[in-house]
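Under mature numbering (1 follows the signal peptide of the UniProt record, and there is no 0), the letters of the sequence shown match residues -23 to -1, 1 to 126, in that order.
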Amino acid sequence: MKKAFLLGLLVFALYLTPNLCMAQCASFAKNVGKVKLGEFIHDGNYNATVLGTGETAELYKTFFAGQKYRVAISKIESLPNIHFRLVDKDNHILFDNKEHDFTDVWDFTVETTQMLILKLKVLDDFSNNENTTKGCVAVLFGIEKDKKK
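What follows is the structure, encoded as structure tokens:
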């Protein structure tokens, strides 16, 4: 009976661990990532996940014609740089932060309403051969405030 209880407790704890990590990641996005939006108005979505060195993620988002946006990438300090690209549905590269010293913030305007894909990759950490570093990576989007004329 005691073993069954302990086994049940272990399974429950393992079930909660990923949820706790994601909750911490969302909190990280709110507390650290949102600051990078500056004067831009946050769109209300906290896109955050745990990634390790060499891992990738994609985020699909619709952008509206004539609107100025800011994308802001945040990561925990122990992770290497984040390589991100914004591509259209035909995989044409619209922006590549590799060409801009791996900047983590980019402002842009789209000419037509369209869905774009943000492709992220945590760069490999060749200085740390023994362990793969994992940590929170957050992507936030902001919309430029209307300017009074």
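Cβ atoms here follow ideal geometry from the backbone N, Cα and C, with glycine treated the same way.
Beta carbon of residue i, beta carbon of residue j: below 7 angstroms?
{"i": "D65", "j": "L93", "result": "yes"}
{"i": "V2", "j": "A25", "result": "Sequence inspection shows Cys at residue 2; the Val mentioned does not correspond to that position. Against a cut-off of 7 angstroms, the Cβ pair of A25 and C2 comes out as a contact."}
{"i": "T110", "j": "L28", "result": "no"}
{"i": "A115", "j": "G31", "result": "no"}
Is residue i helix, strand or coil by DSSP?
{"i": "L97", "result": "strand"}
{"i": "E76", "result": "helix"}
{"i": "V48", "result": "strand"}
{"i": "V9", "result": "helix"}
{"i": "L56", "result": "coil"}
Excluding the five sequence neighbours on either side, which residues of its own chain have a C-beta within less than 7 angstroms of the C-beta of residue i, listed in chain order?
{"i": "F61", "result": "I50, N74, L95, K96, L97"}
{"i": "Y37", "result": "M92, I94"}
{"i": "residue 160", "result": "Any question about residue 160 goes unanswered here, given that the chain covers just -23 to 126."}
In its own chain, which residues sit with a C-beta less than 8 angstroms from the C-beta of residue i, not counting the 5 before and 5 after it?
{"i": "F41", "result": "V87, T90"}
{"i": "Y46", "result": "F17, F40, D84, F85, T86, V87, F118, G119, I120, E121"}
{"i": "F5", "result": "A25, S51, I53, C113, A115"}
Just list the residues that DSSP pairs residue i with in beta bridges.
{"i": "T86", "result": "K45"}
{"i": "L14", "result": "None, per the DSSP bridge assignment."}
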